[in-house]
Every structure is written in structure tokens, then in C-alpha cells.
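> Please read through the structure below; I'll follow up with questions.
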Amino acid sequence: MKRPPVVSAAIILGFVLLALLADVVSPGDPYEQTLRARFTPPAWEAHGSWTHPLGTDRLGRDLLSRIIFGARVSLAAGVVTVLLAGFIGAGVGLVAGYHRGRVGAILMRVTDATLAFPIILLALILAVTVGPSFTNVVIAIAVILWARYARVIHGEVLALMEREFIAQARVIGCSAGRIIVVHLLPNTLNTLIVLLTLQVGYVIIVEASLSFLGAGIPPPAPAWGSMVAEGRDVITTAWWVSFFPGLAILLVVLAFNLFGDWLRDVLDPKLRQQ
Numbered sequence: 019m020k021r022p023p024v025v026s027a028a029i030i031l032g033f034v035l036l037a038l039l040a041d042v043v044s045p046g047d048p049y050e051q052t053l054r055a056r057f058t059p060p061a062w063e064a065h066g067s068w069t070h071p072l073g074t075d076r077l078g079r080d081l082l083s084r085i086i087f088g089a090r091v092s093l094a095a096g097v098v099t100v101l102l103a104g105f106i107g108a109g110v111g112l113v114a115g116y117h118r119g120r121v122g123a124i125l126m127r128v129t130d131a132t133l134a135f136p137i138i139l140l141a142l143i144l145a146v147t148v149g150p151s152f153t154n155v156v157i158a159i160a161v162i163l164w165a166r167y168a169r170v171i172h173g174e175v176l177a178l179m180e181r182e183f184i185a186q187a188r189v190i191g192c193s194a195g196r197i198i199v200v201h202l203l204p205n206t207l208n209t210l211i212v213l214l215t216l217q218v219g220y221v222i223i224v225e226a227s228l229s230f231l232g233a234g235i236p237p238p239a240p241a242w243g244s245m246v247a248e249g250r251d252v253i254t255t256a257w258w259v260s261f262f263p264g265l266a267i268l269l270v271v272l273a274f275n276l277f278g279d280w281l282r283d284v285l286d287p288k289l290r291q292q
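If you read the sequence shown in our numbering, its first letter stands for residue 19, the second for the next number, and so on.
If you want it as C-alpha cells, here you go:
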């Protein structure tokens, strides 16, 4: 078994604590504008100031404060989206795998069609028709992401349906709902938990991409993607405006992916035996 990912867990825990305690640990107001201090470099650079440790953006807003509050936005979007998509996808996969036949075929064709639809395009359509918002970002990603869970859980359920304990449950008269909830769902939880963990990083990247394109969290909310976009025009003169939000995205996504890989090895009995 792999060693516990102490570094990854510490990074995730650190950003979660920053998000929860943003009002306490933030050195300043993420929305406060000080035009005289615009494009202040990080504290260790020439003309930098420890009042703004990571510098300021084009409106003089403290970059560290905006990154801390941005962690709240990104993690909330990631967790809420994967939970919503996982709930829908697991339900579809369980029902399709149990009933099979016409019901299963219809549900899986809908799943395949959903997998073929690009998330970015759907989010852009919602942003144009309804307007960019946190809710629209979550809906746009979850509407597509559930299909990934459905496909994987469906395969797990098909294998479980051939097991003897399912046949015995049918013989003693268990209803379809009881078999799905009591027998199938617990046996797919390990896979579902690993998928949820791995997909958080993916959702954070998608949310950051949408915010970068202007179809995600609308300004002046401190979303990491929009913060990277704000600094792209001054990357050669004020590199810190894009660099530090991008670094935050890199650390969080990498930490979730490494933690998910370790969790998969721990929860998969085949990998444990190897």
C-alpha cells in the first residue's frame, strides 16, 4: 500500500481552513480598492510592502486576501458540484444496472449523449441567456458531470448483479428499491467516494476556466480563474497578478488528484492484495 499522502492532505486541509476562516485570517478586505497602491509587487520585491505580502492587482486590491476568499469560492463550487453530480449519476447508474433491458438501455443512451456534450459550451450558453453566477456554474458542470458517475457505477452494478447475494435477495422477495439501497449502493460506495475525490480537482479547473472566459463567477467576486484573467495583459510587468492565483489552482488540483489516487488504492481490495 502506498504511504499516506501527508503533503496532499496538508494542502487540502490548509486551503479548507483558509476558506472556512477567511474572515479571520485574511489580512485585508478582498474588495477594497486603493488605486495609489495598484500593481504593488510582492513584499520581497523592490518597492514591495508587507501590507500586501503577495502584491496588489490593477485596482489596488490585496492579492493574498482575494486568493484566500477565492479558496472559499473554488472549494464550494467543487464540493457542491461533485455531490450534486454524484447523487444524480449514482442514482442513474444503480437503476440502469439493476433493471437493465429497455430501461437500462435508455438511461445509458442518455448518459452517452450527455458525455458527448461539452461543459464549456453549456456554461457559455447559460452565461449568455441567464447571466454568469455561482449557481449557473454549478448547474452547468453538474448537468454534464453526472454522466461520468453513471457510467462507472453502471459497470459496477452489472458485475454485482451476477453475485449470489443478489440472487438470494430476490428469492426471499426483496423489492427492487431495497436491493438497490441495501445491497447495491453500499457495494459501490468505495468507487463513488474515489470518483468524488478525483472529480473535485477537475471541477475546480473547469470553474476556473469558465471564470477566466467570463462565464463563471462574475466580478468583483474573488474567483481564481477571473484573477488569472485580470493579469494576463500585464504578465510581463506585474507577473504576480496571474501567477499566485494560478499557483493556488495548481496546488489544490494536484493535491486532490494525489489524494484521490491514494484513496483508490486503499479502498480497492484488488490493489490492496497486489
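By construction, the Cβ of each residue, glycine as well, lies at the ideal position given by its N, Cα and C atoms.
All figures in this text were calculated on a predicted structure; none of them were measured in a lab.
1. Going by C-alpha distance, which of Ala94, Pro48, Leu216, Leu101 is nearest Leu77?
2. Give the secondary structure of Thr74 by DSSP, where H, G and I count as helix, E and B as strand, and everything else as coil.
3. Is Ala103 near Ile159, with beta carbons less than 9 angstroms apart?
4. Rounded to a whole number of angstroms, what is the C-alpha to C-alpha distance between Phe261 and Val246?
5. Exposed or buried, what is Gln186 when buried is set at 16 or more other beta-carbons lying within 10 Å of its beta-carbon?
6. Please determine, among Leu35, Val100, Arg169, Ile143, the residue with the shortest C-alpha to C-alpha distance to Leu125.
7. Return yes when the Cβ of Phe230 is within less than 9 angstroms of the Cβ of Glu27, no when it is not.
8. Considering only the alpha carbon of each residue, which of Leu31, Ile85, Ala61 lies closest to Ala226?
9. Assuming Leu272 and Thr215 form a contact by the criterion Cβ under 8 angstroms, report the distance between their Cβ atoms to the nearest whole angstrom.
10. Would you check if the distance between the CB atom of Gln217 and the CB atom of Leu139 is smaller than 9 angstroms?
11. Indicate the three-state DSSP secondary structure (helix, strand or coil) for Asp251 in the structure shown.
12. Between the beta-carbon of Ile235 and the beta-carbon of Ala95, is there less than 9 angstroms?
13. Just the Cα atoms here: how many angstroms apart are Arg90 and Asp80?
14. In its own chain, which residues sit with a C-beta less than 7 angstroms from the C-beta of Leu36, not counting the 5 before and 5 after it?
15. If you drop the 5 nearest sequence neighbours on each side, which residues of the same chain put their C-beta closer than 7 angstroms to that of Thr129?
16. Run through DSSP, which three-state label would Gln292 get?
17. Whole angstroms are fine: how far does the CA of Leu228 sit from the CA of Ser244?
18. Whose C-alpha, out of Asp283, Ile222, Ala108, is nearest the C-alpha of Val270?
19. Let me know if Leu31 comes out buried or exposed under the rule of 16 or more other beta-carbons within 10 Å of its beta-carbon.
20. Considering Asp47, what are the terminal residues of the alpha helix (DSSP H) in which it resides?
21. Taking the straight line between their C-alpha atoms, what separation do you get for Leu142 and Phe135?
22. Is it right to say Pro240 is buried, meaning 16 or more other beta carbons lie within 10 angstroms of its own, or is it exposed?
23. Given Arg54, which residues of its chain have a CB within under 8 angstroms of its CB, disregarding the five upstream and five downstream residues?
24. Quick check: what's the CA-CA separation for Leu114 versus Ile253?
25. Could you tell me whether the Cβ atoms of Ile171 and Ala256 are closer together than 9 angstroms?
26. Who pairs with Asp279 in a beta bridge, going by DSSP?
27. When you compare each of Gly73, Val161, His117, Pro59 to Val98 by their alpha carbons, which one comes out closest?
28. Got a sec, what are the start and stop residues for the alpha helix (DSSP H) Arg188 sits in?
29. With the cut-off set at 9 angstroms, would you say Asn205 and Leu285 are in Cβ contact?
Looking at the atomic coordinates:
1. Pro48
2. In the three-state reduction of the DSSP assignment, Thr74 falls in the strand class, which pools E and B.
3. For Ala103 and Ile159, yes; Cβs fall inside 9 angstroms.
4. 7 angstroms
5. exposed
6. Comparing Cα positions, the closest option is Arg169.
7. One point to set straight first is that residue 27 is Ala, not Glu, in the sequence displayed. Going by C-beta atoms, Ala27 is not nearer than 9 angstroms to Phe230.
8. Ile85
9. At roughly 13 angstroms, the Cβ-Cβ gap does not stay under 8 angstroms, so Leu272 and Thr215 are not in contact.
10. no
11. Residue state, collapsed to three classes: helix.
12. yes
13. Roughly 16 angstroms separates the two Cα atoms.
14. Val43, Ile86, Ala89
15. Val110, Ala165, Ala168, Arg169
16. Only weak support is given to the placement of Gln292: the predicted model assigns it a pLDDT of 47, under 50, and the value that follows is read from those uncertain coordinates. DSSP places Gln292 in coil when its eight states are reduced to three.
17. 8 angstroms
18. A check of alpha carbon separations from Val270 across Asp283, Ile222, Ala108 identifies Ile222 as the nearest.
19. exposed
20. For Asp47, there is no enclosing alpha helix (DSSP H), since its DSSP letter is neither H nor E.
21. 13 angstroms
22. Looking at its Cβ environment, which holds 16 or more other Cβ atoms inside 10 Å, Pro240 is buried.
23. Non-local C-beta neighbours of Arg54 in its own chain, meaning closer than 8 angstroms and more than five positions away in sequence, comprise Gly78, ordered along the chain.
24. Going by the sequence as given, residue 114 is Ala instead of Leu. Their backbone Cα atoms lie some 50 angstroms apart in a straight line.
25. It is not a contact, given that the beta carbons lie outside the stated cut-off.
26. Asp279 pairs with nothing; no bridge assigned.
27. Val161
28. 182 to 189 is the extent of the alpha helix (DSSP H) around Arg188.
29. no
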